[in-house]
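Participant: Numbered by full-length UniProt numbering, the letters in the sequence shown go through residues 1 to 128 in order.
No residue lacks a Cβ here, since even glycine has one placed at the ideal position from N, Cα and C.
Only a predicted model underlies this, so the values are computations on that prediction, with no experimental measurement involved.
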Amino acid sequence: MRAIVQKTYGTADVLEFTEVEPPSIGEDEVLIAVRAAGVHIGDHHLMTGRPYPVRLVSGLRAPRKPVPGMDVAGRVERVGAKVTRFAPGDEVFGTCTGAFAEYARAREDRIAPKPANLTFEQAATVPT
1 MRAIVQKTYG
11 TADVLEFTEV
21 EPPSIGEDEV
31 LIAVRAAGVH
41 IGDHHLMTGR
51 PYPVRLVSGL
61 RAPRKPVPGM
71 DVAGRVERVG
81 AKVTRFAPGD
91 EVFGTCTGAF
101 AEYARAREDR
111 IAPKPANLTF
121 EQAATVPT
């Protein structure tokens, strides 16, 4: 799948558009076909590694998670064995890991059904 990848901390210049393996999901997770991803200050902190305490969580010298992005909207592609609230085809939005890719994974308790009156782009920008 195609994704924006970051191998080091820095400005937007460190981001690369490349092919990566799709994420695998756990029992309580869903795989989302990403239609839109939001960008906010947390993404900037994780990209730059600043303020420096961010690195205690995200990796001291380089990001632990190479695909950035936390806010997502899209369609459920696959669900884990313990997922009960969502099924493939459901339109959802919420918080995940790796939203800047064609597919992202999210825990069931971190997403919600997308309201029908919102576009995917609008849903991805709802504060989480």
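Report buried or exposed for D109, applying the criterion of at least 16 other Cβ atoms within 10 angstroms of its Cβ.
Facilitator: Exposed.
Participant: Output the residue ranges of the beta strand (DSSP E) runs that lie fully inside the region 14 to 56 and measure 3 residues or longer, sorted by chain position.
Facilitator: For the region 14 to 56, whole beta strand (DSSP E) runs of length 3 or above, ordered along the chain, are 15 to 19, 29 to 38.
Participant: Kindly list the residues whose CB is nearer than 6 Å to the CB of I111, restricted to its own chain and excluding five residues on each side of it in sequence; keep chain order.
Facilitator: Result list for I111: V92, G94, in chain order.
Participant: Taking the CB atoms as reference points, tell me whether R105 and P23 lie closer together than 8 Å.
Facilitator: Yes, they are a contact pair.
Participant: To the nearest angstrom, how far is it from the Cα of P53 to the Cα of A123?
Facilitator: So the two alpha carbons sit approximately 30 Å from each other.
Participant: Starting from E77, trace the beta strand (DSSP E) both ways and give me its first and last residue.
Facilitator: 71 to 79 is the span of the beta strand (DSSP E), which, as asked, contains E77.
Participant: Quick check: what's the CA-CA separation for G89 versus R75?
Facilitator: About 6 Å.
Participant: By Cβ distance below 7 Å, which residues in the same chain neighbour R64 in space, the five residues on each side in sequence not counted?
Facilitator: These residues qualify, in order along the chain: S58.
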